[in-house]
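Asks: Those protein sequences? They're chains A and B, same order as listed. Numbering-wise (the working numbering), the first sequence opens with residue 1 and increments by one. Numbering-wise (the working numbering), the second sequence opens with residue 1 and increments by one. For each residue, glycine too, the CB sits at the ideal point set by N, CA and C. Since we're looking at a predicted model, the values are computed, not measured. Below is the structure I would like to discuss, written out as structure tokens.
2 protein chains.
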Amino acid sequence: METTSIQDYLKTIFDLTRDGETASTTALATRLGIAPASVTGMVQKLAAAEPPLVHYRKHQGVTLTAGGEQAALRVIRRHRLLETYLVTTLGYAWDNVHEEACRLEHVISEEFEAKIAAALGNPERDPHGDPIPDADLRLPTDPSTPLSALRPGQGATVLMVRSDDPAFLRHVEEIGLLPGVELHIKNYSHFDQNLEVEIDSQPARVIGLAISCRIFVSVH
Amino acid sequence: METTSIQDYLKTIFDLTRDGETASTTALATRLGIAPASVTGMVQKLAAAEPPLVHYRKHQGVTLTAGGEQAALRVIRRHRLLETYLVTTLGYAWDNVHEEACRLEHVISEEFEAKIAAALGNPERDPHGDPIPDADLRLPTDPSTPLSALRPGQGATVLMVRSDDPAFLRHVEEIGLLPGVELHIKNYSHFDQNLEVEIDSQPARVIGLAISCRIFVSVH
DNA sequence: AAATAAATTTAGGTGTGACTAAATATTACT
DNA sequence: AGTAATATTTAGTCACACCTAAATTTATTT
Ligand SMILES: [Mn+2]
Ligand SMILES: [Mn+2]
Ligand SMILES: [Mn+2]
Ligand SMILES: [Mn+2]
Chain A
1 METTSIQDYL KTIFDLTRDG ETASTTALAT RLGIAPASVT GMVQKLAAAE
51 PPLVHYRKHQ GVTLTAGGEQ AALRVIRRHR LLETYLVTTL GYAWDNVHEE
101 ACRLEHVISE EFEAKIAAAL GNPERDPHGD PIPDADLRLP TDPSTPLSAL
151 RPGQGATVLM VRSDDPAFLR HVEEIGLLPG VELHIKNYSH FDQNLEVEID
201 SQPARVIGLA ISCRIFVSVH
Chain B
1 METTSIQDYL KTIFDLTRDG ETASTTALAT RLGIAPASVT GMVQKLAAAE
51 PPLVHYRKHQ GVTLTAGGEQ AALRVIRRHR LLETYLVTTL GYAWDNVHEE
101 ACRLEHVISE EFEAKIAAAL GNPERDPHGD PIPDADLRLP TDPSTPLSAL
151 RPGQGATVLM VRSDDPAFLR HVEEIGLLPG VELHIKNYSH FDQNLEVEID
201 SQPARVIGLA ISCRIFVSVH
């Protein structure tokens, strides 16, 4: 059976391996809020499952198998559809939907998933700009760049904000860096990696790396 | 902590003790689809909890404590609000909502509960006619009678249909005995306890006890 | 009032998913 | 290359919620 716990592991592994790297025990432990020893145990179980959900070599971290990736995408689809539904239909704030979705994603039926997807018109992105896998679990490869990679003179549109932290999201909202917003880079400080960014034709603001590396844009 | 399992126990005990009787181990086991021995174990835990959630004396069955009843009502409110939401807003069929609600009821936040209650305009009854406890967990005492208690000449309005079984609910729907419908008793057969019922001025139908005892009405 | 049947509890056990403490492997540093 | 620091795994434990089989209690017959 694919338990809540397993689903959250798979989702997290998917996330940690998006860059092609393997997901380390410690990284998983940190992200899941679980002791490293517990992660080792679970990861060995996932690798021993029939069919296996992860590739695992001792001390080398894990990656998802094809089956594990499908399972992860199923949960990710639900998560992002739920977040979208909570914001669009129930009036949740965008900084507040992650936890709720992370609980609901494990219990809704296929019918529920289909109903909210239809009610929303099969949306392609969640409130944070994350792409939603379609019903066949295809995820559009989108050519987004971290804001931190831009340099003065470049213009871009915010695509997504990668964080689950309500405080962080509220801060980003206050700055005005919501998905869809246009921005121009005015300045770059090489030493502290601060960017001076003009957002939506407002006076420019200085943005530190901790923020700019979590905001993904499409460059004009 | 109040686990999913505990919440389902409390809900079921609430249901089984509605008549003032205690809930027996076997009745609980049957309703929950669990071995009687397991029920004994859980019931002892609920009685030993601090504060206790049930009154328990060996071989005598259980009843809810005040605390247990509050906890049960919180879950029942969520269950019935969810059922109503699924039918009203997401277009579920009324025979199909119980299972989904029974999973969701354990994971939604207070905020979710409040949001759907507001979206529905604080409904007082779920799609089956069951009363929904209000935000303070007050449950209106409604003077409903089982249809099986009516006799020829009496007229009534259907208040609720007490079943979770999709097949049963579809059958009741096909007969036309949905909540709100008006009916008149045309005849009663003392031997098989069949009732001949005129529903919504349609030609009368014969209804057996297995059905009539699960349909509750308010007599005119 | 015994004997039998039915309901309930006890005893012992399982799988899941966490934990801590200790052992071991990998990586980084001098 | 050897040592120290860090990451990971192993070993042993726990709570939870279920199970079966056996013992016990309560209810029903005769
Ligand atoms: Mn989750
Ligand atoms: Mn999101
Ligand atoms: Mn339930
Ligand atoms: Mn109902």
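1. Where glutamate 95(B) and leucine 16(B) are concerned, what is the direct C-alpha to C-alpha distance, given to the nearest angstrom?
2. Could you check what DSSP says for threonine 157(A) in three-state terms: helix, strand or coil?
3. Return helix, strand or coil for phenylalanine 191(B), following the three-state DSSP convention.
4. Identify, in the order they occur along the chain, each residue of the same chain with its Cβ nearer than 6 Å to the Cβ of proline 51(B), setting aside the five sequence neighbours on each side.
5. I think valine 62(A) touches valine 54(A), with their Cβ atoms under 8 Å apart; what is that distance to the nearest whole Å?
6. At a cut-off of 8 Å, would you count glutamate 83(A) as near ligand 2, judging by its Cβ distance to the nearest heavy atom?
7. Determine the direct distance from the alpha carbon of tyrosine 85(B) to that of threonine 12(B), and round the result to whole angstroms.
8. Quick one: give me the first and last residue of the alpha helix (DSSP H) that isoleucine 207(A) is part of.
9. Within this structure, are the beta carbons of glutamate 182(A) and threonine 145(A) separated by less than 9 Å?
10. Return the bridge partner residues of valine 62(B) from the DSSP annotation.
11. Are histidine 106(B) and glutamate 83(B) closer than 9 Å when you measure CB to CB?
12. Could you tell me if the beta carbon of proline 131(A) falls within a distance shorter than 8 Å of some heavy atom in ligand 2?
13. Would tyrosine 92(B) and arginine 151(B) be called neighbours here (beta carbons separated by less than 9 Å)?
14. Check whether chain A comes within 9 Å of glutamate 100(B), counting only Cβ atoms and requiring the distance to be less than that.
15. Under 6 Å, CB to any heavy atom of ligand 1. Which residues pass, going along the chain?
16. Beta strand (DSSP E) containing valine 217(B): first to last residue?
17. Quick one, which residues of the region 86-115 of chain A are near chain B if we go by CB-CB under 9 Å, in chain order?
18. What are the boundary residues of the alpha helix (DSSP H) that includes glutamate 100(B)?
19. My assumption, with CB atoms under 8 Å, is that leucine 46(B) sits in contact with isoleucine 6(B). Please give the rounded CB distance.
20. Mapping DSSP to helix, strand and coil, what is threonine 145(A)?
21. Return yes when the Cβ of proline 179(B) is within less than 9 Å of the Cβ of proline 127(B), no when it is not.
22. In the DSSP assignment, find the alpha helix (DSSP H) that holds isoleucine 34(B) and state where it starts and stops.
23. Could you check whether the Cβ of alanine 167(A) sits closer than 9 Å to any Cβ belonging to chain B?
24. Can you pull the chain A residues whose beta carbon is under 8 Å from the beta carbon of alanine 117(B), in chain order?
25. With hydrogens ignored, establish whether the beta-carbon of valine 158(B) is closer than 8 Å to any heavy atom of ligand 4.
26. Please report the Cβ distance between leucine 159(B) and phenylalanine 216(B), rounded to the nearest whole angstrom; I am assuming they are in contact, meaning their Cβ atoms lie under 8 Å.
27. If I measure Cβ to Cβ from glutamate 21(B) and keep anything under 7 Å in the same chain, skipping five residues before and after, which residues do I get?
28. Since valine 172(A) and lysine 186(A) should fall inside the 8 Å C-beta cutoff, what is the C-beta to C-beta distance between them, to a whole number of angstroms?
29. One question on the structure: do threonine 30(B) and threonine 40(B) come within less than 9 Å of each other, judged by their Cβ atoms?
30. Relative to the C-alpha of valine 32(B), which candidate in His190(B), Phe168(B), Phe191(B) and Asp164(B) has its C-alpha closest?
31. Please classify histidine 79(A): does DSSP put it in a helix, a strand, or coil?
32. If you count every other CB in all the chains shown that lies within 10 Å of the CB of phenylalanine 14(B), and 16 or more means buried, which is it?
33. Taking Cβ positions, are leucine 137(B) and leucine 81(B) nearer each other than 9 Å?
34. Please classify arginine 78(A): is it buried, with 16 or more other beta-carbons within 10 angstroms of its beta-carbon, or exposed?
Replies: Quick look at the numbers:
1. As written in the sequence, residue 95(B) is aspartate, which differs from the glutamate given in the question. Between aspartate 95(B) and leucine 16(B), the C-alpha separation is close to 22 Å.
2. Taken through DSSP and simplified to helix, strand or coil, threonine 157(A) comes out as strand.
3. Residue state, collapsed to three classes: coil.
4. Here the set comprises Gly67.
5. With a Cβ gap of about 4 Å, valine 62(A) and valine 54(A) count as contacting.
6. Yes; taking the cut-off as 8 Å, the Cβ of glutamate 83(A) has a heavy atom of ligand 2 nearer than that.
7. Taking the straight line joining both Cα atoms gives about 22 Å.
8. In the DSSP assignment, isoleucine 207(A) falls outside any alpha helix (DSSP H) and lies within the beta strand (DSSP E) extending over 205-207.
9. No.
10. Bridge partners of valine 62(B): Ala23(B) and Tyr56(B).
11. The criterion of a C-beta distance shorter than 9 Å is not satisfied by histidine 106(B) and glutamate 83(B).
12. A distance criterion of 8 Å places the beta-carbon of proline 131(A) beyond contact range of ligand 2, judged by its closest non-hydrogen atom.
13. Taking 9 Å as the cut-off, the Cβ atoms of tyrosine 92(B) and arginine 151(B) do not count as close.
14. So yes, glutamate 100(B) belongs to the interface.
15. Proximity annotation: ligand 1 has residues Asp8(A), Cys102(A), Glu105(A) and His106(A) in chain order, each selected because its CB is closer than 6 Å to a heavy atom of the ligand.
16. Looking at the DSSP string, the run of the beta strand (DSSP E) that includes valine 217(B) is 215-219.
17. When CB distances to chain B are screened at a threshold of 9 Å, the residues of the region 86-115 of chain A falling below it are Leu86, Thr89, Leu90, Gly91, Tyr92, Asn96, Glu99, Glu100, Arg103, Leu104, His106, Val107, Ile108, Ser109, Glu111, Phe112 and Lys115, in chain order.
18. Unbroken alpha helix (DSSP H) run through glutamate 100(B): 98-104.
19. At roughly 7 Å, the Cβ-Cβ gap stays under 8 Å, so leucine 46(B) and isoleucine 6(B) are in contact.
20. The answer is strand: DSSP assigns threonine 145(A) an E or B state.
21. Taking C-beta atoms as the reference points, proline 127(B) and proline 179(B) count as a pair closer than 9 Å.
22. Looking at the DSSP string, isoleucine 34(B) is not in any alpha helix (DSSP H), and its letter there is neither H nor E.
23. Not closer than 9 Å to any Cβ of chain B, the Cβ of alanine 167(A) fails to qualify, so no.
24. Residues of chain A with a Cβ closer than 8 Å to the Cβ of alanine 117(B) do not exist, since the nearest Cβ in that chain sits about 11 Å away.
25. It does not: the Cβ of valine 158(B) is nowhere closer than 8 Å to a heavy atom of ligand 4.
26. With a Cβ gap of about 5 Å, leucine 159(B) and phenylalanine 216(B) count as contacting.
27. Within the same chain, no Cβ atom closer than 7 Å to the Cβ of glutamate 21(B) is found once the five residues on either side in sequence are excluded.
28. With a beta-carbon spacing of about 19 Å, valine 172(A) and lysine 186(A) fall beyond the 8 Å limit used to define contacts.
29. Contact flag unset, no.
30. Reading the sequence as shown, one finds leucine at residue 32(B) and not valine. The shortest C-alpha separation from leucine 32(B) is found at Asp164(B).
31. Three-state result, histidine 79(A): helix.
32. Under the 10 Å beta carbon count, phenylalanine 14(B) is surrounded by 16 or more other beta carbons and is classified as buried.
33. The beta carbons of leucine 137(B) and leucine 81(B) sit no closer together than 9 Å.
34. Buried, by the Cβ-count rule.
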